[in-house]
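The structure appears below as structure tokens.
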Amino acid sequence: MMAENIKKGPSKMAEIVALIRAEESEKPVDKRICYDPYAIYFTSPEMREFMTCHPEKYKAQREQVERSLPGYSNSIVARARYFDDIVKLSAQNRLEQLVIMGAGYDTRAYRIEELKNVHIFEIDHPDTIKVKKDKINEIFGFIPAHVTYVSADLEVEKLEQRLAESGYDKTKRTLFVMEGLIYYLPHEAVDELLSFIVHSSGKKSAVIFDYGKVKPDTNAHKGKSGYEFAKQRGEPVKSSINEPIEKFLSERGFYKIKNMGSEDYKKAYFYGKNANREVNDMASFVYAVVE
């Protein structure tokens, strides 16, 4: 997708996802699945120059990625849309806190009006958080008062301590967002995050995340291609969920589990002028409430 000499930010995958959201946001209103006017700011100047000065080469690279990962970009924008919808609905129903784990270049805190009175915690690796804060300052000239940045390596640090130090209140109703995250964490870290959500959040708190069968030893071409795609960008896949998601989450203390498989979001978002857009059938989204 990217020219070899293009400089990338601390998280290469975060920049790729931001680019996909930016491209979708430029489409006409009746064709775009999600809208993120700030996503383009999280792509490097070199990337934007390459896209502008070498459109044919850029197009060829994008097409090559789509051949190896059919429907990848469409599933990314469907995920952004679905997560946006859940966040907005939660905010309209007395949400008190939003915790975005592995926040990357997520821009919901700055573009979703319903969140203006919700305390938001954005958690990510210190290198990515630094780039994020600098860019938000560049875009707006200030850091919004309702956003707190938490520098933490979710693979090795205890989330409870880092959040408590940042003003998190475990008695409040909270939505936890893990978009494009659990693939890159070992199974033990995923279990620790889910345990924290169950035991350290208020009544009717919930989680939303995406998951898929992305493994190096899978016979499925898409799963193997997804694994190699992430590995080549320095962010290897470390876990996947291969048992029924309802069983996986209910055993960990969640209920009201709503799974959104590829057929579900294809039907929900890709119709009319978008009916021919393929999605990646390896990717699913799930929403669940703390029991």
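As numbered in my numbering, residues 882 to 1172 make up the sequence shown, in order. Each residue gets a CB set at the ideal place from its N, CA and C atoms; glycine is no exception. These figures come from a predicted structure and were not determined experimentally.
Alpha-carbon to alpha-carbon, residue j and residue i
i, j, result
"Glu-1036", "Ala-1070", "6 Å"
"Gly-1093", "Tyr-953", "12 Å"
"Ala-920", "Ile-993", "14 Å"
"Ser-1047", "Lys-1148", "40 Å"
"Leu-989", "Lys-1011", "The amino acid occupying residue 989 in the given sequence is Arg; Leu does not appear at that position. Roughly 18 Å between the two C-alpha positions."
"Pro-951", "Lys-940", "15 Å"
"Ile-1020", "Phe-1135", "38 Å"
"Lys-1128", "Glu-904", "36 Å"
"Met-928", "Ala-899", "12 Å"
"Leu-1130", "Lys-938", "44 Å"
"Asp-1015", "Lys-893", "17 Å"
"His-1080", "Lys-1154", "45 Å"
"Arg-943", "Met-1141", "26 Å"
"Pro-1007", "Ile-981", "15 Å"
"Pro-1125", "Leu-1062", "19 Å"
Helix, strand or coil at residue i according to DSSP, with G and I counted as helix
i, result
"Met-894", "helix"
"Met-1163", "coil"
"Ile-1001", "strand"
"Ile-993", "coil"
"Tyr-916", "coil"
"Ile-1089", "strand"
"Val-946", "helix"
"Asn-1100", "With a pLDDT of 46 at Asn-1100, under the threshold of 50, the modelled position of this residue cannot be trusted; read the value that follows with caution. The answer is coil: DSSP assigns Asn-1100 none of H, G, I, E or B."
"Lys-1105", "In this prediction, Lys-1105 has a pLDDT of 48, which is less than 50 and means its spatial position is unreliable; what the coordinates show is noted afterwards. Here Lys-1105 sits in helix by DSSP."
Residue i burial status per 10 Å Cβ neighbour count (16 or more: buried)
i, result
"His-935", "exposed"
"Asn-1161", "buried"
"Val-1088", "buried"
"Asp-1034", "exposed"
"Tyr-1146", "buried"
"Thr-1052", "exposed"
"Lys-1013", "buried"
"Val-968", "buried"
"Tyr-1049", "buried"
"Asn-955", "buried"
"Val-910", "exposed"
"Asp-1072", "exposed"
"Leu-970", "exposed"
CB-CB length for residue i against residue j, believed under 8 Å
i, j, result
"Tyr-1064", "Val-1028", "Actually they are not in contact, since the Cβ atoms of Tyr-1064 and Val-1028 sit about 25 Å apart, beyond 8 Å."
"Ala-983", "Met-932", "For the record, residue 983 in the displayed sequence is Gly; it is not Ala. That pair is no contact at about 26 Å."
"Val-1167", "Phe-1090", "6 Å"
"Pro-1067", "Ser-1121", "Incorrect: roughly 11 Å between the Cβ atoms, too far for contact."
"Arg-1054", "Lys-1084", "6 Å"
"Pro-1025", "Tyr-991", "7 Å"
"Ser-1143", "Ala-1164", "6 Å"
"Leu-1074", "Leu-1040", "6 Å"
"Val-999", "Gln-978", "7 Å"
"Ser-1086", "Val-1171", "5 Å"
The ligand MN heavy atom lying under 7 Å from the CB of residue i
i, result
"Phe-1057", "The ligand content of the structure shown is nil, which means the ligand MN is not present either."
is_contact[residue i, chain D] using C-beta, thresh 8 Å
i, result
"Asp-987", "Among the chains in the structure shown there is no chain D, since it carries only a single protein chain."
ask   = What are the start and end residues of each continuous beta strand (DSSP E) run of 3 or more residues lying completely inside the stretch 1006 to 1082, in chain order?
value = 1028 to 1032 and 1055 to 1059
ask   = At what residue ranges does the stretch 954 to 987 contain a whole run of the beta strand (DSSP E), taking only runs of 3 or more?
value = 978 to 982
inquiry  = So within the stretch 1126 to 1155, which uninterrupted alpha helix (DSSP H) runs reach at least 4 residues, ignoring any that extend past its ends?
reply    = 1126 to 1131 and 1143 to 1150
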